[in-house]
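**Student:** Protein sequences, first through last, are from chains A and B. Counting the first sequence from 1 gives a position; the numbering used here is that position plus 4. Counting the second sequence from 1 gives a position; the numbering used here is that position plus 43. Cβ coordinates follow ideal geometry from the N, Cα and C atoms, glycine included. Keep in mind it's a predicted model, so treat the numbers as computed, not measured.
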Amino acid sequence: MMCIASMKNMTDAHRAHRALSGAGVRAEIVGLDPNMTKHGCAYGVSFACNEKEEAQRLLASRRINYGELLGG
Amino acid sequence: MIYLDNAATTFPKPPEVVNAAYECMSKWCGNPGRGSHRLAIRASQALFDCREEASALFGLENSDNVVITSNATYALNAAIFGLVGEGDHVIISDLEHNSVLRPVEFLRQSRGVRYDIFSTRGDPCASVRKLIRPNTRALICTHSSNIVNRRLPAEELGLLCRRSGILFILDASQSAGSVDINMKRDGISALCCAGHKGLLGPQGSGLALFADGILPAPFAYGGSGINSLDIDMPEFLPDRLEAGTMATPAAAGLTEGIKYVRRRGADAIGKYERELCARIHRKLSAHKEIRLYSAEGGALCLFNVRGMTAQECAARLDEAGICVRAGLHCAPLAHKTVGTPEGGAVRASVGPFSTAQEADDFCSVLCGIAKNAGGI
Numbered sequence: 005m006m007c008i009a010s011m012k013n014m015t016d017a018h019r020a021h022r023a024l025s026g027a028g029v030r031a032e033i034v035g036l037d038p039n040m041t042k043h044g045c046a047y048g049v050s051f052a053c054n055e056k057e058e059a060q061r062l063l064a065s066r067r068i069n070y071g072e073l074l075g076g
Numbered sequence: 044m045i046y047l048d049n050a051a052t053t054f055p056k057p058p059e060v061v062n063a064a065y066e067c068m069s070k071w072c073g074n075p076g077r078g079s080h081r082l083a084i085r086a087s088q089a090l091f092d093c094r095e096e097a098s099a100l101f102g103l104e105n106s107d108n109v110v111i112t113s114n115a116t117y118a119l120n121a122a123i124f125g126l127v128g129e130g131d132h133v134i135i136s137d138l139e140h141n142s143v144l145r146p147v148e149f150l151r152q153s154r155g156v157r158y159d160i161f162s163t164r165g166d167p168c169a170s171v172r173k174l175i176r177p178n179t180r181a182l183i184c185t186h187s188s189n190i191v192n193r194r195l196p197a198e199e200l201g202l203l204c205r206r207s208g209i210l211f212i213l214d215a216s217q218s219a220g221s222v223d224i225n226m227k228r229d230g231i232s233a234l235c236c237a238g239h240k241g242l243l244g245p246q247g248s249g250l251a252l253f254a255d256g257i258l259p260a261p262f263a264y265g266g267s268g269i270n271s272l273d274i275d276m277p278e279f280l281p282d283r284l285e286a287g288t289m290a291t292p293a294a295a296g297l298t299e300g301i302k303y304v305r306r307r308g309a310d311a312i313g314k315y316e317r318e319l320c321a322r323i324h325r326k327l328s329a330h331k332e333i334r335l336y337s338a339e340g341g342a343l344c345l346f347n348v349r350g351m352t353a354q355e356c357a358a359r360l361d362e363a364g365i366c367v368r369a370g371l372h373c374a375p376l377a378h379k380t381v382g383t384p385e386g387g388a389v390r391a392s393v394g395p396f397s398t399a400q401e402a403d404d405f406c407s408v409l410c411g412i413a414k415n416a417g418g419i
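1) Between the segment 270–302 of chain B and chain A, which residues of the former have CB atoms less than 8 Å from a CB of the latter, in chain order?
2) How would you list, in chain order, the residues of chain A whose beta-carbon sits under 8 Å from the beta-carbon of R94 of chain B?
3) Which residue wins for smallest C-alpha separation from F161 of chain B, given the options B:G155, B:R154, B:A169?
4) Does P75 of chain B get closer than 9 Å to chain A when you measure Cβ to Cβ?
5) Using only CA atoms, which one of B:T383, B:D361, B:A293, B:T380 lies nearest to E66 of chain B?
6) Considering only DSSP beta bridges, list what R349 of chain B is partnered with.
7) I want to verify the contact list: residues of chain B whose CB lies under 7 Å from the CB of V34 of chain A, in sequence order.
8) Applying the criterion that 16 or more other CB atoms from any shown protein chain within 10 Å of the CB defines a buried residue, is T398 of chain B buried or exposed?
9) Determine contact between the segment 121–137 of chain B and the segment 55–62 of chain A, defined as no fewer than three beta-carbon pairs at a distance below 8 Å.
10) Count the other CB atoms within 10 Å of the CB of S188 of chain B; is the residue buried (16 or more) or exposed (fewer)?
11) At a Cβ cut of 9 Å, what residues of the segment 33–55 of chain A count as close to chain B, listed as they run along the chain?
12) Is the Cβ of R30 of chain A closer than 9 Å to any Cβ of chain B?
13) Going by DSSP, which residues form a beta bridge with S98 of chain B?
14) Quick one: which residues of the segment 101–132 of chain B get their C-beta closer than 8 Å to a C-beta of chain A? List them in chain order.
15) Whose Cβ in chain A lies nearer than 9 Å to the Cβ of G268 of chain B?
16) Whole angstroms are fine: how far does the CA of R180 of chain B sit from the CA of R157 of chain B?
17) Assuming contact is defined by CB atoms lying nearer than 9 Å, are K240 of chain B and L103 of chain B in contact in what I supplied?
18) Can you check whether the C-beta of R19 of chain A is within less than 9 Å of a C-beta belonging to chain B?
19) Taking the alpha-carbon of C184 of chain B as reference, which of B:S153, B:S207, B:C236 has the nearest alpha-carbon?
20) Would you report the Cα separation of A97 of chain B and V60 of chain B, rounded to the nearest angstrom?
21) So, is L272 of chain B buried or exposed, given that buried needs 16 or more other C-beta atoms within 10 angstroms?
22) Ignoring anything shorter than 3 residues, give me the beta strand (DSSP E) runs that lie fully in the segment 329–403 of chain B, in order along the chain.
23) Looking at the structure shown, is R306 of chain B part of a helix, part of a strand, or coil, going by DSSP?
24) What are the start and end residues of the alpha helix (DSSP H) that includes V171 of chain B?
25) Do R194 of chain B and V222 of chain B have their CB atoms nearer than 9 Å?
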């Protein structure tokens, strides 16, 4: 099962992707369904839900803000 | 061929710059931030890398504040139109390029913006200080002139702006890549530069970097790839100032150009260029038929040959395989300040790959031209 952290923009998505991948969390940048977001097109970073806590910790430690955490 | 027009655009480029642009176009040039297929994501990675390299070079903590533009002019327009509004007063220098002068003049004509021009001779900070008014919004000035080797003291000017509560918009088109610039240390609110000059990237690349807390109004409106339901441009950088499809191959090349600069060191490149140009000045200053307008201390040499127009001289050099630029260099205000004749002057500008042999050959050819032109 995959979780997705929605990101403000593509720059943050890459920043998050680099933070997670660099720490060994397999992650991918994905486009979000516009129906799932308030403002339309958006991007997020997906990772296995069983690594959710580690992903959250990594993003927080690098001060990378995310919007919603989808799935899981 | 001897290329001495590096102030217009550097040539040649490091091979890795050429390879990066080529690889982008031949292997993975999707539309960055438009769609989420692998090539779109790969292309957006290239923009991200460019922002990261640029922010590292210029001492900016947050690479979100790096806006990738198509050139320095676009970057300056984005900063000026985005930060200066109705009723504001701004201060510019007497060495400005048209990329600053024209937007400011347009704002004067259309939005009641007033501007004053400070003298770069003597103490620029004292000149600026005298012109600051209660409604002064920004100091907008070149870091290094594009026609003479005069560099303004960015750190002192930045400090003055900070203490005066005004923005400091710096045009680093001629200094980025050959001078150590740190936005935080130098108190720069907005740093604008070309990507294809000292940063050694491809043409079609430029940068506008903003200090934390500076959020310009959008300059162009359109698709941003995100928040498509919003009728306004995004409220955050860089997306706010990047409407439309980006020049990904240029950005990919620029990333490699910046990496090259960081490896070799901007100060080291600047020192190399200054030494080479000093060599040219020393040789040319001995020739009585050559009128020099520039002094040592930078990467360019501005001159005329007596009895010959600037254009004629440049054409003669071109016949000899030497590329220089004649005329007003899009900087008539600066030419007026320097005191060149109506037709401007000839500019020879060295780059990080120019050699001493090329400098000597150029001087030898030019002295030959000047000798034959004397007395005409």
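**Tutor:** Let's see:
1) N270, S271, L272, D273, P277, F279, P281, D282
2) T15
3) B:A169
4) yes
5) B:A293
6) None, per the DSSP bridge assignment.
7) What V34 of chain A touches in chain B: S79.
8) exposed
9) Of all C-beta pairs linking the segment 121–137 of chain B to the segment 55–62 of chain A, fewer than three are shorter than 8 Å, placing the two stretches out of contact.
10) Buried, because 16 or more other Cβ atoms sit within 10 Å of the Cβ of S188 of chain B.
11) I33, V34, G35, L36, P38, T41, K42, H43, G44, C45, A46, Y47
12) no
13) According to DSSP, which records beta bridges pairwise, S98 of chain B is partnered with nothing at all.
14) S106, D107
15) N13, M14, C45, Y47
16) Taking the Cα positions, R157 of chain B is about 10 Å away from R180 of chain B.
17) No, they are not a contact pair.
18) Chain B contact via Cβ: present.
19) Cα-wise, what sits closest to C184 of chain B is B:C236.
20) In a straight line, the C-alpha of A97 of chain B is about 15 Å away from that of V60 of chain B.
21) By the beta-carbon neighbour count (other beta carbons within 10 angstroms, threshold 16), L272 of chain B is exposed.
22) Listed in chain order, the complete beta strand (DSSP E) runs (minimum 3 residues) inside the segment 329–403 of chain B are 333–335, 343–348, 368–370, 388–392.
23) helix
24) 167–174
25) yes
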